[in-house]
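Below: one structure, written as structure tokens.
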Amino acid sequence: MRAVAPVSTAPATAGVAPTRRRPRHRRASTTRGVPKASAVVSEDVSTPTGPSRRGVLAAPLVAAAASAPTGGSLFAPPRARAEETRVLVVSSSGAADAGSAKTFPSVTAALAALSPRGDASQASIRLSPGVYAERVVVPASLAGDLLIEPVAGAAPGSVTLEHRTGSPYEATVENQMPASRGAVTLRSVNVRHASPSVANNYAAFATPGSSLTLESCDVQSDTGSGIAAEGATLVVKDCRVHDCKSHGVAVYGDLLGEFGSGEVSDCAVSRNGGDGVLLRQGAFGVVRGCVITDNGGFSVELVDCREGTTLVNNKWTGSKKRAAVRFGGYGEEDVVAENNVEV
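Here you go:
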């Protein structure tokens, strides 16, 4: 993991260097929302251990910010929308099973057809049942919100995106489109992944400055984490993230600790080798209504998180040797934890 630069959770006043807030280590009797004494531990972590993740995030963030329209922000900019929704169907058999919609042999081919348009109209790529052995990369040049989902009437769990490769740093699904140009949603799709790398090893990945949502998906990685964001906006709803070699869901802030947020709600996160949910390096997060069990690390680990991070209505497991939730670095006093139960 990369070394974490100390960053204050409060905005720095111009001309005044931000100060590092000393962590307040809670006693078990005062921990909010966690009934068992072993549920939470606190530890001051100035420099995370482990290998650095690939690349430097600053350059992509600067490029994404520069592309944002005047008057907008990186993650919620005003952008023009065409009313038309472009519909493209993907079918490995080549059958045109969605009326007049054009059919493509792969998601990659459908994305290539969208790119030349250059407008900001919405697009929907609909997948016929089957296993698609490909790496899906939404390019930075694309514009307009994009939804990838099964065709109407497809049975639950009948569509799988799978990428198993000997090349490092290759996610199965990767969004590179800046949030200023559009957001990507993946719905009701299985995601399977294997790519040999020490760092940046994710089944689904939101790159710096992008926005990615997964809804009702089933995600598993043989070599890394299930779902991750670095300096991006990530939403994970009603998903199963399981049996990953590393973490289930990992949300990292950018190098400055100013961007990066993740919402994980109504999900089942289990049997992962690392943490169930990891928030660190200035990330802001909400973990709500999840069942997080039987992970090799902590159910939830928070290191240097931003003010307002919330843990509410979750069920999670700890053990005699490991607490369910761990706080590290600064920002613990700004985390809201309510109605969580250790099971």
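To convert, count from 1 in the sequence shown and add 1091; that's this note's numbering. Think of the CB as a built atom: it goes at the ideal place given N, C-alpha and C, for glycine as much as any other residue. Quantities reported herein were computed from a predicted structural model and do not represent experimental measurements.
8 Å Cβ cutoff met for residue i and residue j
{"i": "Arg-1371", "j": "Val-1394", "result": "yes"}
{"i": "Gly-1399", "j": "Ala-1374", "result": "no"}
{"i": "Ala-1201", "j": "Val-1181", "result": "yes"}
{"i": "His-1284", "j": "His-1254", "result": "yes"}
{"i": "Ser-1307", "j": "Asp-1329", "result": "yes"}
{"i": "Thr-1256", "j": "Ser-1286", "result": "yes"}
{"i": "Tyr-1260", "j": "Ser-1288", "result": "yes"}
{"i": "Asn-1292", "j": "Thr-1314", "result": "yes"}
Per-residue burial, residue i [other beta carbons within 10 Å of its own, 16 or more giving buried]
{"i": "Glu-1175", "result": "exposed"}
{"i": "Ser-1279", "result": "buried"}
{"i": "Ser-1206", "result": "exposed"}
{"i": "Pro-1247", "result": "exposed"}
{"i": "Pro-1230", "result": "exposed"}
{"i": "Ser-1316", "result": "buried"}
{"i": "Asn-1430", "result": "exposed"}
{"i": "Val-1264", "result": "buried"}
{"i": "Gly-1235", "result": "buried"}
{"i": "Ala-1323", "result": "buried"}
{"i": "Gly-1244", "result": "exposed"}
{"i": "Gly-1163", "result": "With a pLDDT of only 39 at Gly-1163, under 50, the local geometry of the prediction cannot be trusted, and no value is derived from it."}
{"i": "Ala-1320", "result": "buried"}
{"i": "Ala-1203", "result": "exposed"}
{"i": "Phe-1418", "result": "buried"}
{"i": "Glu-1423", "result": "buried"}
{"i": "Ala-1187", "result": "With a pLDDT of 49 at Ala-1187, under the threshold of 50, the modelled position of this residue cannot be trusted; read the value that follows with caution. Ala-1187 is exposed by the Cβ-count criterion."}
Reference residue i; option with closest CA among the options
{"i": "Val-1434", "options": "Lys-1411, Lys-1406, Glu-1398 and Val-1391", "result": "Lys-1406"}
{"i": "Leu-1233", "options": "Glu-1240, Ala-1243, Gln-1213 and Tyr-1223", "result": "Gln-1213"}
{"i": "Ser-1410", "options": "Glu-1424, Glu-1392 and Thr-1384", "result": "Thr-1384"}
{"i": "Cys-1396", "options": "Ala-1359, Ala-1414, Val-1342 and Ala-1285", "result": "Val-1342"}
{"i": "Cys-1358", "options": "Asp-1309, Val-1416, Ala-1297 and Gly-1315", "result": "Asp-1309"}
{"i": "Tyr-1421", "options": "Glu-1392, Glu-1354, Ala-1290 and Ser-1183", "result": "Glu-1392"}
{"i": "Arg-1331", "options": "Ala-1294, Thr-1324 and Ala-1290", "result": "Ala-1294"}
{"i": "Val-1432", "options": "Ala-1415, Asp-1425, Glu-1423 and Ile-1318", "result": "Ala-1415"}
{"i": "Ile-1318", "options": "Leu-1346, Phe-1350, Val-1282 and Leu-1347", "result": "Val-1282"}
{"i": "Gly-1273", "options": "Ala-1320, Phe-1418 and Leu-1238", "result": "Leu-1238"}
{"i": "Thr-1199", "options": "Arg-1217, Ser-1184 and Val-1227", "result": "Val-1227"}
{"i": "Ser-1184", "options": "Ala-1203, Leu-1218, Ala-1211 and Ala-1204", "result": "Leu-1218"}
{"i": "Ser-1312", "options": "Ala-1203, Arg-1362, Glu-1423 and Val-1403", "result": "Arg-1362"}
{"i": "Ser-1356", "options": "Val-1377, Phe-1350, Leu-1347 and Leu-1346", "result": "Val-1377"}
Bridge partner(s) assigned by DSSP for residue i
{"i": "Glu-1306", "result": "Arg-1278 and Lys-1328"}
{"i": "Val-1178", "result": "Ser-1215"}
{"i": "Pro-1241", "result": "Leu-1218"}
{"i": "Gly-1311", "result": "One detail in the question is off: residue 1311 reads as Gln in this sequence, not Gly. DSSP, once it has assigned bridges, lists Arg-1283 as partnering Gln-1311."}
{"i": "Thr-1401", "result": "Val-1377 and Val-1427"}
{"i": "Glu-1321", "result": "Tyr-1343"}
{"i": "Gly-1353", "result": "Leu-1325 and Gly-1376"}
{"i": "Ser-1316", "result": "Tyr-1293"}
{"i": "Pro-1269", "result": "Ser-1301"}
Proximal residues to residue i (C-beta, below 7 Å), its chain only, five neighbours per side dropped
{"i": "Glu-1364", "result": "In the sequence on display, residue 1364 carries Gly and not Glu. Excluding positions up to five away in sequence, the list reads Cys-1335, Lys-1336, Ser-1337 and Gly-1387."}
{"i": "Ser-1197", "result": "Val-1181, Tyr-1223 and Glu-1225"}
{"i": "Thr-1436", "result": "For the chain, the structure presents residues 1092 to 1434; residue 1436 sits outside this window and is missing."}
{"i": "Ser-1258", "result": "Ser-1286"}
Cβ-based neighbour list, residue i, same chain, cut-off 8 Å, excluding 5 preceding and 5 following
{"i": "Ser-1249", "result": "Pro-1220, Gly-1221 and Pro-1241"}
{"i": "Arg-1413", "result": "Gly-1388 and Phe-1389"}
{"i": "Asn-1404", "result": "Arg-1379, Gly-1380, Glu-1429, Asn-1430 and Asn-1431"}
{"i": "Asp-1425", "result": "Thr-1100, Cys-1396, Arg-1397, Glu-1398, Gly-1399 and Thr-1400"}
Other residues of its chain near residue i: CB distance less than 6 Å, five sequence neighbours each side excluded
{"i": "Gly-1367", "result": "Gly-1339, Val-1360, Ile-1383, Asn-1386 and Ser-1390"}
{"i": "Arg-1113", "result": "In this prediction, Arg-1113 scores a pLDDT of 40, lower than 50, which makes its location untrustworthy; no coordinate-derived value is stated."}
{"i": "Val-1326", "result": "Thr-1304 and Glu-1354"}
{"i": "Asn-1266", "result": "Val-1229, Val-1275, Ala-1297, Ser-1301 and Leu-1303"}
{"i": "Val-1427", "result": "Thr-1401"}
{"i": "Leu-1369", "result": "His-1338, Ala-1341 and Glu-1392"}
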